[in-house]
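Engineer: Numbered according to this note's numbering, the sequence shown terminates at residue 732, and the numbering increases by one at each position without gaps.
Below you'll find the structure I mean.
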Amino acid sequence: MRKRLTEEVVKRLKPPAAHGADSRRSRILDDDEIRVLWKVAGELAAYGALLKVLLLTAQRRDKVLTMNSAHIVDNIWLIRAEKGEKGNAGTLVLPQVVLELIEQQPRITGDPRVFATAGSLASRKQDLDRRLKAALGEMAPWVLGDLRRTARSLMARAGVPRDHAERVLGYSKPGVVYNQHHYTTEKASALRALAGLVAEIVQVRPGRRVSHGRRSMRRSAGVFLRTFPAP
């Protein structure tokens, strides 16, 4: 019987990056890294909440940094498009865990940004990396943008249809102009599945990988309702 290739073997079989290529472009956080990141983020106040929302929404760093409380209406985040922007998710029905993180953030008078108290990202990232290294022993270089790629990969693991996951990221097939469906329900379901998988990952013991397939997509609402570890 032929042995099935594990994901670890497949990773080792990947061809080497071209000279000068930025290896971070394919960097995603594994389950142990996600688990430790989630725990450490709970110790970092607004900056930690920012990290969690980046992972749970799969949005670009700048979009989450400039998230405005006035743009969240009836649990729906209205993501403004900037001039020259290729596209974004438009509107996202936020999972309950994200809404709770947003609600917990302190406000600054005259500043409507949800994460106005997150501080300097550069210095906070250095502190974060020190904490992660202390907990993990070693961790490959990564940037905040890798959380978006990690979230996209987790949605695939959770059985989210490719088109729905891409819509969460703000992508659509080029040249498609007749399909004007907004995918609001589908994107909401995708984020619930993502939240459910993250909840499972952060609750299992270190060294174990959560398996999550298409059948789990139908159970995502139940998983989603599980209590996340306290921030």
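Ideal Cβ positions, reconstructed from N, Cα and C, are used throughout, including at glycine.
These figures come from a predicted structure and were not determined experimentally.
Can you give me the Cβ contacts of V537 inside the same chain, cut-off strictly under 7 angstroms, excluding the 5 residues immediately before and after it?
Structural biologist: Result list for V537: L633, A636, L637, in chain order.
Engineer: Apart from the five residues on each side of it in sequence, which residues of its chain come closer than 6 angstroms, Cβ to Cβ, to W539?
Structural biologist: Correct list, in chain order: V703.
Engineer: On the CB-based measure, 16 or more other CB atoms within 10 Å of its CB, does D612 come out buried or exposed?
Structural biologist: It counts as exposed.
Engineer: Tell me whether the region 603-610 and the region 541-557 touch, counting them as touching only if at least three CB pairs, one residue from each stretch, are closer than 8 angstroms.
Structural biologist: Taking 8 angstroms as the limit for Cβ pairs, the verdict is that the region 541-557 does touch the region 603-610.
Engineer: Quick check on I577: does DSSP put it in helix, strand or coil?
Structural biologist: Strand, per DSSP.
Engineer: Give the range of the beta strand (DSSP E) segment to which L593 is assigned.
Structural biologist: L593 -> beta strand (DSSP E) spans 592-594.
Engineer: Is the beta carbon of T567 closer than 8 angstroms to that of V599?
Structural biologist: Cβ distance not < 8 angstroms, so V599 and T567 don't count as in contact.
Engineer: Give a yes or no on contact between the region 587-596 and the region 691-703, applying the rule of three or more CB pairs nearer than 8 angstroms.
Structural biologist: The region 587-596, when compared against the region 691-703, does touch it at the 8 angstroms Cβ threshold.
Engineer: Could you compute how far the alpha carbon of Y684 sits from the alpha carbon of R668?
Structural biologist: Rounded to the nearest angstrom, the two C-alpha atoms are 7 angstroms apart.
Engineer: Just confirm the distance between the C-beta atoms of R581 and G646, as a whole number of angstroms; I'd bet it's less than 8 angstroms.
Structural biologist: Contact doesn't hold; Cβ gap of about 20 angstroms is too wide.
Engineer: DSSP puts D612 in a beta bridge; with which residues?
Structural biologist: According to DSSP, which records beta bridges pairwise, D612 is partnered with I609.
Engineer: The alpha helix (DSSP H) that contains L622, what's its start and end?
Structural biologist: Looking at the DSSP string, the run of the alpha helix (DSSP H) that includes L622 is 622-637.
Engineer: Quick test of your reading: L556 and L648, contact by CB under 8 angstroms. State the CB separation rounded to the nearest angstrom.
Structural biologist: About 5 angstroms separates the two Cβ atoms, so the contact holds.
Engineer: What separation, rounded to the nearest whole angstrom, lies between the Cα atoms of G585 and K564?
Structural biologist: Roughly 15 angstroms between the two C-alpha positions.
Engineer: Measure from the alpha carbon of E687 to the alpha carbon of each residue in V699, L670, E701, then state which is nearest.
Structural biologist: For E687, the nearest C-alpha among the options comes from L670.
Engineer: Would you mind working out which of S654, E639, I573, K626 sits nearest R614, comparing C-alpha positions?
Structural biologist: Of S654, E639, I573, K626, the residue nearest in Cα terms is I573.
Engineer: Quick check: what's the CA-CA separation for D630 versus L602?
Structural biologist: If I take the Cα positions, the gap works out to 22 angstroms.
Engineer: Going by the DSSP bridge assignment, what does N569 pair with across the sheet?
Structural biologist: Its beta-bridge partners are R614.
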